[in-house]
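In what follows, a structure is listed as C-alpha cells, so that the remarks can point back to it.
2 protein chains.
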Amino acid sequence: MSDNLQLEKQLCFRLYSLNKLMCRLYAPVLKELALTYPQYLVMMVLWQYKTGISIKDLGIKLDLDSGTLSPLLKRMEKQALLKRNRQKKDERVVVIKLTQKGIELQKNAEHIPAKMFAVTGLTFEKLQSLNQELDQLIENITD
Amino acid sequence: MSDNLQLEKQLCFRLYSLNKLMCRLYAPVLKELALTYPQYLVMMVLWQYKTGISIKDLGIKLDLDSGTLSPLLKRMEKQALLKRNRQKKDERVVVIKLTQKGIELQKNAEHIPAKMFAVTGLTFEKLQSLNQELDQLIENITD
DNA sequence: AACAATTAGGTTGCACACAACTAATTTGCA
DNA sequence: TGCAAATTAGTTGTGTGCAACCTAATTGTT
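Line order of the protein sequences matches chains D and H. Under the working numbering, the first residue of the first sequence carries the number 148, and numbering increases by one thereafter. Under the working numbering, the first residue of the second sequence carries the number 148, and numbering increases by one thereafter.
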C-alpha cells in the first residue's frame with residue numbers, strides 16, 4: 148500500500164516548512180532593523196539599484212505582483228525608507244528610490260548573510276550545490 | 148567587492164521563491180477539490196489519522212500554531228470536510244475528525260502526487276536526494 | 001487623428017502566518 | 001486540599017500573497 152499522500156514524502160511540504168523556518172530565523176535579526184522578511188528582500192534589490200527601479204521591475208526580481216507590492220512599498224515609504232515618484236517620460240511608471248535612511252540601513256544589514264549562513268550548519272560547498280539544485284528546480288517548474 | 152547582500156546569492160530567497168512557485172502549481176489542481184494549499188496539507192494529515200487528531204498534534208505535524216489553525220479549521224468545518232469535538236477526558240483538547248465527505252475527497256486527490264512529481268522534471272533519485280538534503284537543513288536549523 | 005489594445009500601478013476581498021493576548025481546564029506541588 | 005503554573009484553544013491585529021477588478025497612460029493600427 149504505497150500511500151503517496153503522505154506529508155513526509157512531499158517535496159512541497161519541505162519547501163513550505165523550510166520557508167517558514169527561515170522567516171522565523173530572520174525575524175529577530177530583522178527586528179533590529181525594523182524590517183519584515185519581504186521588506187528585507189525589497190531592500191536587497193534597492194541596495195543594488197540605488198539610482199531607482201520601477202515597481203514593475205522590482206516585481207519581476209521578486210516575483211511579486213502589484214497587489215502585494217503596492218501596499219508593502221507604501222508601508223516602507225511611511226517608514227521613510229524609500230520614495231515613490233512617477234516617471235516623467237511615462238506617467239504610468241512609478242520609480243522607487245531609497246532615501247538616505249534607506250541607504251544607510253545597508254551598513255546595519257551587512258552582517259546578516261554571514262550570520263544566517265552559520266545558522267544553516269552547511270559547508271560553503273554544500274550551500275553552493277544546494278543553491279544550484281534549487282535553481283535547476285526553479286527553472287524546471289517555471290514555464 | 149564581495150557584496151553578500153545580493154538576492155541571487157541567498158538560499159532563503161530560493162526557498163521563498165520555490166514555495167510560492169509550488170503554491171501556484173498546486174492552486175489549479177487543488178481548485179478542483181475546492182482546497183487551498185494549507186488546507187490540502189491539513190487534509191493529508193487527516194487522511195492518515197482517520198480516527199481523529201487533536202489540534203495541538205495537528206499543529207506539531209504542520210508546524211502551525213492555533214492562531215493559524217483555529218480559523219483555518221473553522222473554514223474547513225464550514226465546508227463540511229471535518230468536525231471538531233471537545234475531548235471528554237480533557238475538555239481543553241479539541242479533536243478534529245474527517246466527515247464522510249472529507250474521507251471521500253481522498254479518492255479525488257490520489258492522482259496529485261504523481262502529477263506534481265512530473266511537473267518538477269526531476270528523476271526519482273534526484274527527488275529523493277533533494278528531500279534528504281532539505282531534511283538535513285531542517286534538522287540543522289531546528290533548535 | 002481616432003480608437004482599440006496594451007501596460008503600469010492601485011484597490012478590494014480572502015486566506016494564511018504569527019505575535020501577543022485571553023479564557024477555560026488540568027496538573028503539580030506546597 | 002488549595003492554588004499557582006502549565007496546557008490547550010481561541011481572539012485580535014498586522015503583514016503578506018494573490019485573484020479579480022479598476023483607472024490612467026501609452027502604443028499600435030487604420
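Note that CB positions come from ideal geometry on N, CA and C, so glycine has one too.
Would you list, in sequence order, the uninterrupted alpha helix (DSSP H) runs of no fewer than 4 residues that lie entirely inside the stretch 155–180 of chain H? Fully enclosed alpha helix (DSSP H) runs of no fewer than 4 residues occupy 158–178 of the stretch 155–180 of chain H, in order along the chain.
Beta carbons nearer than 9 Å to chain D: which residues of the stretch 237–268 of chain H have them? Interface annotation for the stretch 237–268 of chain H against chain D: Gln253, Ala256, Glu257, Ile259, Pro260, Ala261, Met263, Phe264, Val266, Thr267 and Gly268, criterion Cβ-Cβ distance under 9 Å.
Same chain, Cβ closer than 7 Å to isoleucine 243 of chain D, five either side skipped, listed in chain order: Once the five neighbours on either side are set aside, the close Cβ partners of isoleucine 243 of chain D are Leu193, Gly199, Ile200, Ile202, Leu205, Leu220, Leu229 and Arg231.
Just the Cα atoms here: how many angstroms apart are tyrosine 173 of chain D and glutamine 195 of chain D? Taking the Cα positions, tyrosine 173 of chain D is about 20 Å away from glutamine 195 of chain D.
As a quick exercise: from H/Ile259, H/Arg233 and H/Glu286, pick the residue whose alpha carbon is nearest that of glutamate 179 of chain H. Comparing Cα-Cα distances from glutamate 179 of chain H to each of H/Ile259, H/Arg233 and H/Glu286, the minimum goes to H/Ile259.
Taking Cβ-Cβ distances below 9 Å as the criterion, which residues of the stretch 221–232 of chain H are in contact with chain D? Cβ contacts with chain D come from no residue of the stretch 221–232 of chain H.
Would you identify the three-state DSSP class for asparagine 232 of chain D, choosing helix, strand or coil? Here DSSP, grouped into helix, strand and coil, assigns asparagine 232 of chain D to strand.
State buried or exposed for arginine 239 of chain D, treating a residue as buried only when at least 16 other CB atoms are found within 10 Å of its CB. When all chains shown are included, arginine 239 of chain D counts as exposed.
For a test of the three-state rule: what should DSSP assign to lysine 273 of chain H, helix, strand or coil? Three-state DSSP puts lysine 273 of chain H in a helix.
Restricting to Cα atoms, I'd like to know which of H/Asp210, H/Thr215, H/Leu281 and H/Ala181 is closest to alanine 256 of chain H. Ranking H/Asp210, H/Thr215, H/Leu281 and H/Ala181 by CA distance to the CA of alanine 256 of chain H puts H/Ala181 first.
Pull up the CB-CB distance for leucine 252 of chain D and phenylalanine 264 of chain D, whole angstroms please, since I reckon it's below 8 Å. Between phenylalanine 264 of chain D and leucine 252 of chain D the Cβ distance is about 20 Å, and since that is not below 8 Å, they are no contact.
Taking C-beta pairs closer than 8 Å, name the residues in chain D that leucine 277 of chain H reaches, listed in chain order. Within chain D, the C-beta atoms nearer than 8 Å to that of leucine 277 of chain H come from Leu158, Glu280 and Leu284, in chain order.
Got a sec: is the Cβ-Cβ distance from glutamine 186 of chain H to anything in chain D below 9 Å? Not one chain D Cβ lies under 9 Å of glutamine 186 of chain H.
Against serine 164 of chain D, what residues of chain H qualify as contacts under a CB-to-CB distance less than 8 Å, listed in chain order? Asp210 and Ile285, listed in chain order.
Run of the alpha helix (DSSP H) containing leucine 205 of chain H, from where it starts to where it stops: From DSSP, the alpha helix (DSSP H) with leucine 205 of chain H extends over 202–209.
Out of D/Cys159, D/Gly268, D/Gln283 and D/Thr246, point me to the one whose CA is closest to leucine 284 of chain H's CA. Residue D/Gly268 is the option with its Cα nearest to leucine 284 of chain H.
Under 8 Å: do the stretch 206–218 of chain H and the stretch 161–170 of chain H share three or more Cβ pairs, one atom per stretch? Contact fails: fewer than three Cβ-Cβ distances are below 8 Å.
From D/Thr289, D/Gln247 and D/Leu158, pick the residue whose C-alpha is nearest to that of glutamine 279 of chain H; which is it? When only C-alpha atoms are compared, the closest one is D/Leu158.
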